[in-house]
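Beneath this line is the structure, given in structure tokens, with notes to follow.
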Amino acid sequence: MEKVTTISIAKNFSEAPSGRYVSDGPFSGEHFRENLLVPALTTSDLVVIDFDGTIGYGSSFLEEAFGGLVRNHNITAGELKKKIKIIDNRKFYEDRVWSYIGSAKPAKEKK
Amino acid sequence: MPRRITKTIVAPESFSLRSNAYRQNLMSFINDIEHKLKSGFSVKVSFIKTKHLVPCGTLLFAARLVNMLLLYPGKITSNYPKDKVVEQLFQHIGLLGLLGNSSRQSITDDSVRYWHFLSGTTADAEIFKDLFREYKQKLKEDVTSGLYEGMSEAITNSIQHAYSNANEHERLHKTKWWMFSQEKDGKLSVVICDLGIGIPKSLKMKLSENILYLTRRNVDSKLIADAVKSNRTSTNLGYRGKGLPDMLDFVKNFKVGGFSIYSLHGSYIYNAETEKESTEYYKIQVPGTLIQWQIPLA
Numbered sequence: 001m002e003k004v005t006t007i008s009i010a011k012n013f014s015e016a017p018s019g020r021y022v023s024d025g026p027f028s029g030e031h032f033r034e035n036l037l038v039p040a041l042t043t044s045d046l047v048v049i050d051f052d053g054t055i056g057y058g059s060s061f062l063e064e065a066f067g068g069l070v071r072n073h074n075i076t077a078g079e080l081k082k083k084i085k086i087i088d089n090r091k092f093y094e095d096r097v098w099s100y101i102g103s104a105k106p107a108k109e110k111k
Numbered sequence: 112m113p114r115r116i117t118k119t120i121v122a123p124e125s126f127s128l129r130s131n132a133y134r135q136n137l138m139s140f141i142n143d144i145e146h147k148l149k150s151g152f153s154v155k156v157s158f159i160k161t162k163h164l165v166p167c168g169t170l171l172f173a174a175r176l177v178n179m180l181l182l183y184p185g186k187i188t189s190n191y192p193k194d195k196v197v198e199q200l201f202q203h204i205g206l207l208g209l210l211g212n213s214s215r216q217s218i219t220d221d222s223v224r225y226w227h228f229l230s231g232t233t234a235d236a237e238i239f240k241d242l243f244r245e246y247k248q249k250l251k252e253d254v255t256s257g258l259y260e261g262m263s264e265a266i267t268n269s270i271q272h273a274y275s276n277a278n279e280h281e282r283l284h285k286t287k288w289w290m291f292s293q294e295k296d297g298k299l300s301v302v303i304c305d306l307g308i309g310i311p312k313s314l315k316m317k318l319s320e321n322i323l324y325l326t327r328r329n330v331d332s333k334l335i336a337d338a339v340k341s342n343r344t345s346t347n348l349g350y351r352g353k354g355l356p357d358m359l360d361f362v363k364n365f366k367v368g369g370f371s372i373y374s375l376h377g378s379y380i381y382n383a384e385t386e387k388e389s390t391e392y393y394k395i396q397v398p399g400t401l402i403q404w405q406i407p408l409a
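Protein sequences, first through last, are from chains A and B.
The first sequence maps to residues 1 to 111 in this note's numbering.
The second sequence maps to residues 112 to 409 in this note's numbering.
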């Protein structure tokens, strides 16, 4: 049976996510990626990410949270397309997230 | 122990950065306070002439004052402003209290009640939550989100770039950014500033371009404009540097208001009504970076 994990950014992380790196502040893109997103991707077949309910998202947060999956974890855009489903009823963020994922380059080549 | 001499310094009539004349008056006033403190004097600020408080100049004054009070505690005092609206505003944002004056006005003026003053040491934007709860009633959802995005990026930039030459203690504990918002005449003005090294210097530190070009003071405006209109970033990393261009794109959706950046000797200003942009060189520099949005209320 497919294991599905749902993450509501507003409820499980912050209504006001902001910043790129952990050193920027407590609700950064890096923190979200490393502490919620990567564990979910590692243990689940599908991760549903709900973008609703927050005030908004800075580009630094989004790029680091999602582009960083490619850059820091060598996950390809194709693999992420199969494993991530985005809920974005405001229709502001989904395209941008996939654009950041598509533009990100792995920091090192996969073995 | 010799008694510390107190020098009185008179604040200018207008707190604004918009023109060379206003900027000269305001920065001379602020720098004079700092110079006197460094020279061992106490300072009493007289607000007797002060009448016009514009968000950009007032925020810069507030930020510099807070920093000076940290360095010289108890060494800066003031009288009460003669203008009652100015007194209400300085009381409302806490400046009069910091200068040792008790609150004595009721905050009744509409131009004061809708000012908000916040500051932070990190890019934690949870501090904006109450503010945006208020804005949600007055702005469309896409505008709220767009404004939040810009503000989040502005404080993130302050944390990441502005204080790259600070020591470890300063990087952890010192206030990094200050924010004003004001509602007036159907528009919302939001200003965020830091007192760091400034956009031009941050970019110059990482660029390998012609040094002669880079050392001319009037190039500050060009560097700010480059940062706003492209992905020019002090990190030289292709996936970064999107914040300032996104801020400009957001304001271009409107037909009123605009977007301004002041940093060191330069500025970049986009006027949404005329859809024109301009840059300016200022003889006297402002420390750090100040970003201002002005957007229409619904």
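C-beta atoms are modelled at their ideal positions from N, C-alpha and C, and glycine is treated no differently.
As the structure is a prediction and not an experimental result, all values here were calculated from the model.
Problem set entry | Through-space distance from residue 141 of chain B to residue 215 of chain B, alpha-carbon basis | 25 Å
Exercise. CA-CA distance, residue 61 of chain A and residue 24 of chain A?
Worked result: 10 Å
For this session: Indicate whether the contact test is met: 3 or more Cβ pairs, each with one atom in the stretch 384-399 of chain B and one in the stretch 296-310 of chain B, closer than 8 Å.
Result: yes
Exercise. How would you label residue 394 of chain B, buried or exposed, when you count the other beta carbons within 10 angstroms and need 16 or more for buried?
Worked result: exposed
Exercise. DSSP state of residue 71 of chain A, grouped into three classes?
Worked result: helix
Exercise. By DSSP, does residue 365 of chain B sit in helix, in strand, or in coil?
Worked result: coil
For this session: Would you kindly work out how many angstroms separate the C-alpha atoms of residue 364 of chain B and residue 220 of chain B, rounded to a whole number?
Result: 31 Å
Exercise. Per DSSP, which one or two residues make a beta bridge with residue 375 of chain B?
Worked result: B:397
Exercise. Whose Cβ in chain B lies nearer than 7 Å to the Cβ of residue 40 of chain A?
Worked result: Correct list: empty, because the minimum Cβ distance to chain B is about 23 Å.
Exercise. Between which two residues does the alpha helix (DSSP H) carrying residue 202 of chain B extend?
Worked result: 195-203
For this session: Output the distance between the C-alpha atoms of residue 177 of chain B and residue 49 of chain A, rounded to the nearest integer angstrom.
Result: 41 Å
Exercise. If we ignore side chains and look at the alpha-carbon of each, how far apart do residue 77 of chain A and residue 33 of chain A end up?
Worked result: 15 Å
Problem set entry | Below-9 Å beta-carbon distance, residue 102 of chain A vs any chain B residue | no
For this session: Taking only the alpha-carbon atoms, compute the straight-line gap between residue 84 of chain A and residue 47 of chain A and give it to the nearest angstrom.
Result: 5 Å
Exercise. Can you give the Cα-Cα distance for residue 80 of chain A and residue 100 of chain A, rounded to whole angstroms?
Worked result: 12 Å
Exercise. Listed in chain order, which residues of the stretch 48-76 of chain A have Cβ atoms closer than 8 Å to some Cβ of chain B?
Worked result: 55, 56, 57, 58, 59, 60, 61, 63, 67 and 71
Problem set entry | Under 7 Å from the C-beta of residue 370 of chain B: neighbouring residues of chain A | Result: empty, since nearest Cβ-Cβ is about 16 Å, beyond 7 Å.
For this session: Let me know the beta strand (DSSP E) ranges lying completely inside the stretch 127-161 of chain B, each 3 residues or longer, listed in chain order.
Result: 153-157
For this session: Kindly confirm or deny that the stretch 367-381 of chain B and the stretch 266-274 of chain B touch, where touching means at least three C-beta pairs closer than 8 Å.
Result: no
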